[in-house]
Amino acid sequence: MKKLVIHIFVFFILSSCTEKIEFDLDNTSPEIIIEGSISNYFDNHRVTITKSQCYYNFNLPEAVENAEVQIICQQDTFYLFEVSEGVYLTGYIKGIPGNTYTLEVNTDDHIFTAESTMPSEPVIDSIKFESNADESGIFDVLLYTQEPPEDNYYYWGLMKDQNPVTTSLDKLRFANDDLINGNYLSGLKVHAIEAEPESHVTLIMASIPGDYFNYCLSILKETKYSDSPFEPAPANPETNIKGGALGFFHAYSETSMTRIVRSTN
1293 MKKLVIHIFV
1303 FFILSSCTEK
1313 IEFDLDNTSP
1323 EIIIEGSISN
1333 YFDNHRVTIT
1343 KSQCYYNFNL
1353 PEAVENAEVQ
1363 IICQQDTFYL
1373 FEVSEGVYLT
1383 GYIKGIPGNT
1393 YTLEVNTDDH
1403 IFTAESTMPS
1413 EPVIDSIKFE
1423 SNADESGIFD
1433 VLLYTQEPPE
1443 DNYYYWGLMK
1453 DQNPVTTSLD
1463 KLRFANDDLI
1473 NGNYLSGLKV
1483 HAIEAEPESH
1493 VTLIMASIPG
1503 DYFNYCLSIL
1513 KETKYSDSPF
1523 EPAPANPETN
1533 IKGGALGFFH
1543 AYSETSMTRI
1553 VRSTN
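For what it's worth, the working numbering labels the leading residue of the sequence shown as 1293, then goes sequentially.
Below you can see the structure in the form of structure tokens.
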């Protein structure tokens, strides 16, 4: 079995990043890679479609152009338009928590589909910054909120003075609610940031589907936490794309809160 190195675009709340992942493939033929998302915020939601190179070609994936791409929810169909090679955007729309969204991609008469239900929008009561006891200039970000009783999966991102800080997947903080389900979170540390007094820091909290949570963790395991020579052979991140493609499509909801860092927080 051969191992193919490809780049996957992973979308999250602040931006998109490219993660290099090694996949075990039974043959050397190119693979279609689809990554996309829709959220509860008004935005031009994005889907990227690429094709991996053959085993002996180490270039970046080839963009898949002229595909027919749409997102369907109940009676509504949102068509995506190609804005650059392999990048497709919706109009300025937002998703609704609780609704199920179906992505449909038609390229070269091959149809790929994926389905995702948008989780409920998370709630932030307040946030607080506390000087880290071990590192000067680092502030722990503490969250105050009521955690809902149903199973939930989260990630947290940061902005400082309106600039993204968590610009790669490994800089986000992921968690399920196994240990906190249904409890009031009174100052739970969810992130940390290097900041100066009077900086405006934004905590962004996203609720994500459980299968996407597992997908992100599997990517992190294979790209960031597998340096040991004693690690087992990598397992391919499990896609929700039907039709034979790699990648993932997910619906998520998010909220945010901004506070000023004070030296006496």
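Beta carbons are placed, not taken as given, at the ideal position from N, Cα and C, and that holds for glycine.
None of the values given here were measured: they were computed from a predicted structure.
Delimiting residues of the beta strand (DSSP E) encompassing Asp-1417: Here residue 1417 refers to the residue found at position 125 of the sequence shown. Run containing Asp-1417: none; DSSP gives neither H nor E here.
Close Cβ partners of Asp-1432 (< 6 Å) along its chain, the five nearest in sequence each way excluded: Here residue 1432 refers to the residue found at position 140 when the sequence shown is read from its first residue. Closer than 6 Å at the Cβ level, and outside the excluded window around Asp-1432, lie Glu-1422, Asn-1424, Lys-1481, Ala-1484.
CB of Phe-1505 within 9 Å of CB of Ala-1406, strictly: Here residue 1505 refers to the residue found at position 213 of the sequence shown. Here residue 1406 refers to the residue found at position 114 of the sequence shown. Result no, Cβ atoms of Phe-1505 and Ala-1406 do not sit closer than 9 Å.
DSSP bridge partner residues for Pro-1456 (one or two, in chain order): Mapped onto the sequence shown, residue 1456 falls at position 164. Paired residue(s): Met-1451.
Enclosing beta strand (DSSP E) for Tyr-1384 [first to last residue]: As a position in the sequence shown, residue 1384 is number 92, starting the count at 1. Here the beta strand (DSSP E) through Tyr-1384 covers 1379-1385.
C-beta contact flag for Glu-1439 and Ser-1412 at 9 Å: As a working mapping, residue 1439 is identified with position 147 in the sequence shown. As a working mapping, residue 1412 is identified with position 120 in the sequence shown. Taking 9 Å as the Cβ cut-off, Glu-1439 and Ser-1412 do not qualify as a contacting pair.
Exposure label - His-1568; buried when at least 16 CB within 10 Å: This structure gives no information on residue 1568, because the portion of the chain shown stretches from 1293 to 1557.
Identity of the residue in Tyr-1384, Thr-1392, Lys-1513 nearest Gln-1366 by Cα: Working through the sequence shown from its first residue, we reach residue 1366 at position 74. Of Tyr-1384, Thr-1392, Lys-1513, the residue nearest in Cα terms is Thr-1392.
Spatial neighbours of Gly-1474 in its chain, beta-carbon cut-off 8 Å, leaving aside the 5 residues before and after: In the sequence shown, residue 1474 corresponds to position 182, counting from 1. If the five residues before and after Gly-1474 are omitted, its C-beta is found closer than 8 Å to the C-beta atoms of Glu-1439, Pro-1440, Pro-1441, all from its own chain and listed in chain order.
Proximity below 9 Å, CB of Tyr-1544 to CB of Asn-1332: Here residue 1544 corresponds to residue number 252 of the sequence shown, with the count starting at 1. Here residue 1332 corresponds to residue number 40 of the sequence shown, with the count starting at 1. Yes, Cβ-Cβ distance for Tyr-1544 and Asn-1332 is below 9 Å.
Rounded Cβ spacing between Pro-1414 and Ser-1510 (contact assumed at less than 8 Å): Indexing the sequence shown from 1 puts residue 1414 at position 122. Indexing the sequence shown from 1 puts residue 1510 at position 218. Rounded, the Cβ-Cβ distance is 23 Å, inconsistent with contact.
Rounded C-alpha distance that separates Leu-1464 from Pro-1529: Counting from one through the sequence shown, the residue named residue 1464 turns up at place 172. Counting from one through the sequence shown, the residue named residue 1529 turns up at place 237. So the two alpha carbons sit approximately 18 Å from each other.
Own chain residues within Cβ distance below 6 Å of Pro-1501, not counting five before or after: Residue numbering aside, residue 1501 sits at position 209 when the sequence shown is read from its first letter. Answer for Pro-1501: Ser-1408, His-1542, listed in chain order.
From Arg-1551, Gly-1539, Tyr-1476, Tyr-1445, residue whose alpha carbon lies closest to that of Asp-1453: By one-based count along the sequence shown, residue 1453 stands at place 161. Nearest C-alpha to Asp-1453: Arg-1551.
Nearest-angstrom Cβ-Cβ length linking Ile-1324 and Val-1356, presumed shorter than 8 Å: Taking the sequence shown and counting its residues from 1, one reaches residue 1324 at position 32. Taking the sequence shown and counting its residues from 1, one reaches residue 1356 at position 64. About 7 Å; that satisfies the 8 Å criterion.
Distance, Thr-1458 Cα to Cys-1508 Cα: On the sequence shown, residue 1508 is found 216 positions in, with the first residue counted as 1. On the sequence shown, residue 1458 is found 166 positions in, with the first residue counted as 1. Cys-1508 and Thr-1458: Cα-Cα distance of roughly 15 Å.
Contact under 9 Å by Cβ, Pro-1489 with Val-1553: Stepping through the sequence shown from its first residue, residue 1489 is reached at position 197. Stepping through the sequence shown from its first residue, residue 1553 is reached at position 261. It is a contact, given that the beta carbons lie within the stated cut-off.
Chain-order list of residues whose beta-carbon lies under 8 Å from that of Ser-1478 (same chain, five-residue window excluded): For the purposes of this step, residue 1478 is taken as residue 186 along the sequence shown, with counting starting at 1. Taken in chain order, the residues that qualify are Tyr-1436.
Between the CA atoms of Thr-1369 and Glu-1354 - distance to the nearest angstrom: The residue labelled residue 1354 in the question sits at position 62 within the sequence shown. The residue labelled residue 1369 in the question sits at position 77 within the sequence shown. Glu-1354 and Thr-1369: Cα-Cα distance of roughly 27 Å.
N- and C-terminal bounds of the alpha helix (DSSP H) containing Asn-1506: Reading the sequence shown from its first residue, position 214 is the one you call residue 1506. From DSSP, the alpha helix (DSSP H) with Asn-1506 extends over 1502-1515.
Leu-1471 in three-state terms, based on DSSP: As a working mapping, residue 1471 is identified with position 179 in the sequence shown. Coil at Leu-1471, not helix or strand.
Ile-1363 and Thr-1382 closer than 9 Å at C-beta: If you number the sequence shown from 1, residue 1363 lands on position 71. If you number the sequence shown from 1, residue 1382 lands on position 90. Result yes, Cβ atoms of Ile-1363 and Thr-1382 sit closer than 9 Å.
Burial state of Ser-1344 (16 or more Cβ within 10 Å): The count along the sequence shown starts at 1 and reaches residue 1344 at position 52. When all chains shown are included, Ser-1344 counts as buried.
Spatially closest choice to Thr-1399 from Gly-1378, Ile-1385, Ala-1487, Ser-1321, by CA coordinates: Translated into positions along the sequence shown, residue 1399 becomes position 107. Looking at the Cα atoms, Gly-1378 is the closest of the given residues.
Boundaries (first-last residue) of the beta strand (DSSP E) holding Gly-1479: Numbered from its first residue, the sequence shown carries residue 1479 at position 187. Per DSSP, Gly-1479 belongs to the beta strand (DSSP E) from 1476-1486.
Rounded Cβ spacing between Ile-1416 and Leu-1434 (contact assumed at less than 8 Å): Taking the first residue of the sequence shown as position 1, residue 1416 is located at position 124. Taking the first residue of the sequence shown as position 1, residue 1434 is located at position 142. With a Cβ gap of about 11 Å, Ile-1416 and Leu-1434 do not count as contacting.
Distance CB(Tyr-1445)-CB(Asp-1469) smaller than 9 Å: Along the sequence shown, one-based indexing puts residue 1445 at 153. Along the sequence shown, one-based indexing puts residue 1469 at 177. Yes.
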